[in-house]
Amino acid sequence: MTSEQTNPLAGTRLAFIGAGVMAESMIAGILKQGQAAPEQIIASHPRHERLEKLEKRFGIDIAPDNREAANGADLVFLTIKPQVLQTIMPQLAGHLQPEQVVISVLAGAPVEVLTRGLQHQAVARVMPNTPAQVGEGMSVWCTTPGVSAEQQARVRAALGALGRELWVEEEKYVDMATALSGTGPTYVFLMMEALIDAGVHMGFPRRIAEEIVLQTVSGSVAFARDSGKHMAELRNMVTSPGGTSAEAIYQMEKGGLRTVLSRAVYAAYQRTQTLAEKERSASSGA
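For the sequence shown, the positions run 1167 to 1452 when my numbering is used.
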């Protein structure tokens, strides 16, 4: 078995256009898992001190110019802010080779905008989330028909360095994932914050309340994943008639928690659609 069969990123050159937190997380994960060596990775960024930091930490190559960074790379990651996309795409348009795959991690940037703006047909669109910074992310992604099975394997290996990944056949699911998993940590953190505040209100020191809530959430997730049971079944396992859990659930249902969460997720999804339409308009010059 060849190294390419065991490791799809063997001999693969990776370029990161934009060297922010997401790029740093991906580079750290890829190197930690031994999927690539530092000399296979290059990054560009407008701030030289940022590049120097990554060069010192990882030993990767750096480039002051985006076009220079992308030149010769097999995978070109767009790890930039959405507001600079329309500035970055013209810099790369006409300079990408057919065998290169561009991987966008930008929220609200549709594939059609990327292919048109980059003048390139091999594109992957990814929606990661912030737990990727500790290797526990959820990345939902799709590809254009111009991305081969071999190239998909490379993309999958790179995203696997961030945690779990899921390829979807239709781009609409990436938009949905933006609201569910991309924004998802926000919902979880808000609920955790509320639980901690409730603990403090009862009399716990904040530090102890934080420790209790963190482990409760972490343990609940691990239990849910390992059990394979429906969430309602898991909830019923700890809900005794007339007990404390039953009373707590009654108050949450009475307050409309389920409805509020559902509306929040759908509002985030609608916002994704609005952002996508803005990108389409900007890209077409409308």
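We treat Cβ as the ideally placed atom computed from N, Cα and C, and that holds for glycine. In this text the structure is predicted, and so the values were computed from the model without any measurement.
- Shown here for Met-1342: same chain residues with a beta carbon closer than 7 Å to its own, the five before and five after excluded, namely Tyr-1435 in chain order.
- In this structure, Ala-1375 lies away from Gly-1385, with their beta-carbon atoms at least 8 Å apart.
- Per DSSP, Gly-1177 lies in no alpha helix (DSSP H) segment and is marked neither H nor E.
- Per DSSP, reduced to three states, the secondary structure at Glu-1335 is coil, with no helix or strand assignment.
- By the Cβ-count criterion, Gln-1206 is buried, with 16 or more other Cβ atoms from all chains shown falling within 10 Å of its own Cβ.
- In this structure, the CA atom of Val-1383 is about 14 Å from the CA atom of Thr-1352.
- Membership of Asp-1363 in the alpha helix (DSSP H) is indicated by the continuous run 1350-1368.
- Taking Val-1242 as reference, the option from Glu-1413, Arg-1179, Gln-1299 with the minimal CA-CA separation is Arg-1179.
- Sequence-distant Cβ neighbours of Pro-1248 in its own chain, meaning closer than 7 Å and more than five residues away, are Leu-1272, Ala-1273, Gly-1274, Ala-1275.
- With a 10 Å radius around the Cβ and a threshold of 16 neighbouring Cβ atoms, Thr-1245 comes out buried.
- In the DSSP assignment, the residues bridged to Arg-1291 are Ser-1270, Cys-1308.
- In this structure, the CA atom of Pro-1256 is about 12 Å from the CA atom of Thr-1281.
- Contact between Met-1304 and Arg-1322 is absent: CB atoms are separated by about 14 Å, not below the 8 Å threshold.
- Residue pairing for Val-1242: DSSP places it in a beta bridge opposite Ala-1181, Val-1268.
- Excluding its 5 nearest sequence neighbours in each direction, Val-1431 has C-beta neighbours in its own chain below 7 Å: Ala-1345, Leu-1346, listed in chain order.
- Looking at the DSSP output, Asp-1231 sits in no beta bridge, so it has no partner there.
- Counting the other CB atoms within 10 Å of its CB gives His-1286 a total of 16 or more, which places it among the buried residues.
- Inter-residue distance for Ile-1415 and Gly-1409 is about 10 Å (C-alpha atoms, whole angstroms).
- Contact between the region 1226-1236 and the region 1249-1269 is present: three or more C-beta pairs spanning the two stretches fall below 8 Å.
- With respect to the C-alpha of Asp-1240, the residue from Leu-1400, Ser-1449, Ala-1398, Pro-1264 having the closest C-alpha is Pro-1264.
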